[in-house]
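Undergrad: I have a structure I would like to understand better, so I am pasting it below and will then ask my questions one at a time.
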Amino acid sequence: MNWPSVLDRRPFRENSFPSKLHDEQVAAILGCALGITFTVCFATGLYSHLAQNPPSWFELPSRPAGLYRVTQGLHVATGIASIPLLAAKLWTVYPKLFSWPPFESAAHLIARISLLPLIGGGLFMLFTGLANINLWYPWQFNFPVTHYWAAWLTMGALVVHIGAKFTTTRRVLSRKVSASAVPSAVDAVDAVDRRRFLATVFGTSALLTLFTVGQTFAPLRKLALLAPRRPDVGPQGFPVNRTARTAGVVETSQASDYRLTVTGRVRNELSLGLDELRALRQHSAVLPIACVEGWSTTQRWTGVRVRDLLAMAGASPDAEVRVESLQQHRSYRTSDLNPWQAHDPDTLLALLVNGEPLALDHGYPLRLIGPNRPGVMQTKWVTRLVVQ
Ligand SMILES: Nc1nc2c(c(=O)[nH]1)N[C@H]1C(S)=C(S)[C@@H](COP(=O)(O)O)O[C@H]1N2
Ligand SMILES: [Mo]
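For the sequence shown, my numbering gives the first residue as 74, with consecutive numbering after it.
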């Protein structure tokens, strides 16, 4: 192959990309914004992962009660805000794909290779996250596991990228006027174009956030027009992800022989019918359901404290508890309470929401609700507590 003739063709030819928006300073500003949104998204995602899969050295505290709601709300909001930023950033820098020679030094080669996991990973994270909040799974893999490991790969590549671009970014961001001492009229027009481009990109990002963040931030609820789930729409005024029908619990949850059992490492096993549960001391708490998909809703729940049941059963105060649902298949049929959560005065097995018996889709006859827990761990249709 004859290289020079290849280089003579588009897109390798000089001036193949005449737009002045393919500019280092624009790329640097978008890069800084993405650095912030990706870092917040990664930190809140790690927290969510720890909450759902606690390693032996970590126990999720049960307070502040609304913490997970804030962190997961931020996770989804920063992910959504990143979409226009990443699209604009990729468009700004794509001519560099065709730069010649392809690399100038070993460090430059490594920096360019790291773009593969960075761009691939970034697009993968935003696409899978967006699909997940829309409950759309056009793939075979396990979403949480893959999304988690791809995040490490992406952030690793981001660290390499920041290292490689640090000097250039500092230089172009401190550049006030154009390279020539006296800026020409053409330069001034280019600068206005660049500012307009950036304003459009940041504006799109802000509008997307504004029209979705009401799914968890109550004052903006009316504006949550683009949110896949409205926090005030559903039976009893709040949403349902998994219905009793899809969970396969329609018959069992309505059976008159329903019992709650408390077993495992206890002195006396308990087996309580609904009337017996209603006759125990009832406690109310105002707590959110904070779904990993970013929506959340706060309700007033009433029922029996888990710690009261543990005391009745004679369980040790530092016990962990596995909460099991009538649901037999698919994920989220059980969840674990660490000792803090199990003994929190607001961790309830709720019979009522806002004074009414729970709707079947909200977990009738009994659901777990506790402070600072991911929504997926607020198990519905509870039938058994196993003390570990
Ligand atoms: N048994 C059971 N409980 C469950 C689920 C489930 O699939 N099965 N879904 C969880 C999820 S993802 C959330 S966000 C909360 C609230 O979900 P809902 O909107 O389906 O009630 O309940 C949780 N409890
Ligand atoms: Mo959820």
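Idealized CB from N, CA, C, for every residue including glycine.
How many Å lie between Ala320 and Phe85 at the Cα?
TA: Their Cα atoms are separated by approximately 56 angstroms.
Undergrad: Is the beta carbon of Ser326 sitting closer than 8 angstroms to the one on Tyr437?
TA: Cβ distance < 8 angstroms, so Ser326 and Tyr437 count as in contact.
Undergrad: Check whether the Cβ of Asn314 lies closer than 7 angstroms to any heavy atom of ligand 1, and answer yes or no.
TA: Yes.
Undergrad: Using beta-carbon positions only, say whether Glu429 and Gln309 come within less than 8 angstroms of one another.
TA: Going by C-beta atoms, Glu429 is nearer than 8 angstroms to Gln309.
Undergrad: Check whether the Cβ of Gly146 sits closer than 7 angstroms to any heavy atom of ligand 1, and report yes or no.
TA: No, Cβ of Gly146 sits at least 7 angstroms from all heavy atoms of ligand 1.
Undergrad: Can you give, in chain order, each stretch of the alpha helix (DSSP H) that sits fully within the region 159-208 and has at least 4 residues?
TA: DSSP runs (the alpha helix (DSSP H)) wholly in the region 159-208: 179-186, 188-206.
Undergrad: Specify whether the region 437-448 and the region 111-119 touch according to this definition: at least 3 beta carbon pairs, one from each stretch, less than 8 angstroms apart.
TA: With the cut-off at 8 angstroms, the region 437-448 and the region 111-119 do not touch.
Undergrad: Please list the terminal residues of the continuous alpha helix (DSSP H) segment that includes Ser389.
TA: Looking at the DSSP string, Ser389 is not in any alpha helix (DSSP H), and its letter there is neither H nor E.
Undergrad: Kindly examine ligand 1 and report whether one of its heavy atoms sits closer than 7 angstroms to the Cβ of Ser121.
TA: Flag unset: Cβ of Ser121 not near ligand 1.
Undergrad: Is it true that the CB of His356 sits closer than 8 angstroms to the CB of Arg340?
TA: The answer is no: Cβ separation not under 8 angstroms.
Undergrad: Decide yes or no for the touch test of the region 187-196 against the region 227-234: beta carbon pairs closer than 8 angstroms, at least 3 of them.
TA: In short, these stretches touch, since the Cβ pair count reaches three.
Undergrad: Using only the heavy atoms of ligand 2, determine whether one of them is closer than 7 angstroms to the beta carbon of Gly367.
TA: False, no ligand heavy atom lies under 7 angstroms from that Cβ.
Undergrad: Can at least three beta-carbon pairs, one atom from the region 283-290 and one from the region 343-351, be found at a separation below 8 angstroms?
TA: As far as the Cβ criterion goes, the region 283-290 does not touch the region 343-351, which means the pair count is below three.
Undergrad: Cβ atoms of Arg446 and Gln401: under 8 angstroms apart, would you say?
TA: No; because the gap between Cβ atoms is not below 8 angstroms, this pair is not in contact.
Undergrad: Can you tell me the Cα-Cα spacing of Asp81 and Ala204, whole angstroms?
TA: If you take the alpha carbons of Asp81 and Ala204, they lie about 42 angstroms apart.
Undergrad: I need the DSSP call for Ser357, collapsed to helix, strand or coil.
TA: Ser357: strand per DSSP, three-state reduction.
Undergrad: Taking 7 angstroms as the cut-off, does the CB of Val396 come closer than this to any heavy atom belonging to ligand 2?
TA: Not so, every heavy atom of ligand 2 lies at least 7 angstroms from the Cβ.
Undergrad: Give me, in chain order, the residues of the same chain whose beta-carbon lies closer than 6 angstroms to that of Phe49; leave out the 5 immediate sequence neighbours on both sides.
TA: Residue 49 falls outside the range modelled here, since the chain spans only 74 to 461, and no answer is possible.
Undergrad: If you draw a straight line from the alpha carbon of Gly376 to that of Phe275, how long is it in whole angstroms?
TA: Taking the straight line joining both Cα atoms gives about 46 angstroms.
Undergrad: Below 6 angstroms CB to CB, which residues in the same chain sit around Val166 once its five sequence neighbours on both sides are set aside?
TA: Ala100.
Undergrad: Any contact between the region 298-307 and the region 416-427? By contact I mean 3 or more CB pairs, one from each, below 8 angstroms.
TA: Flag = no, the region 298-307 and the region 416-427 do not touch.
Undergrad: Could you say if the region 267-282 and the region 126-136 meet the contact criterion of at least three C-beta pairs nearer than 8 angstroms?
TA: As far as the Cβ criterion goes, the region 267-282 does not touch the region 126-136, which means the pair count is below three.
Undergrad: Just the Cα atoms here: how many angstroms apart are Pro134 and Pro175?
TA: Roughly 51 angstroms separates the two Cα atoms.
Undergrad: Please state the DSSP three-state secondary structure of Gln414.
TA: Of the three classes helix, strand and coil, the one that applies to Gln414 here is helix, per DSSP.
Undergrad: Assess, as a yes-or-no matter, whether the region 148-159 is touched by the region 175-190 under the definition of 3 or more beta carbon pairs within less than 8 angstroms.
TA: Contact fails: fewer than three Cβ-Cβ distances are below 8 angstroms.
Undergrad: Does ligand 2 have a heavy atom nearer than 7 angstroms to the CB of Val306?
TA: Not so, every heavy atom of ligand 2 lies at least 7 angstroms from the Cβ.
Undergrad: Does Trp374 come out as helix, strand or coil in the three-state DSSP assignment?
TA: In the structure shown, Trp374 sits in a strand (DSSP, three-state: E or B).
Undergrad: At what residues does the alpha helix (DSSP H) containing Thr117 begin and finish?
TA: Counting along the chain, the alpha helix (DSSP H) containing Thr117 begins and ends at 97-125.
Undergrad: Considering only the alpha carbon of each residue, which of Leu433, Cys105, Arg354, Ser155 lies closest to Met385?
TA: It is Arg354.
Undergrad: Tell me where the beta strand (DSSP E) around Leu333 begins and ends.
TA: First-last of the beta strand (DSSP E) with Leu333: 333-337.
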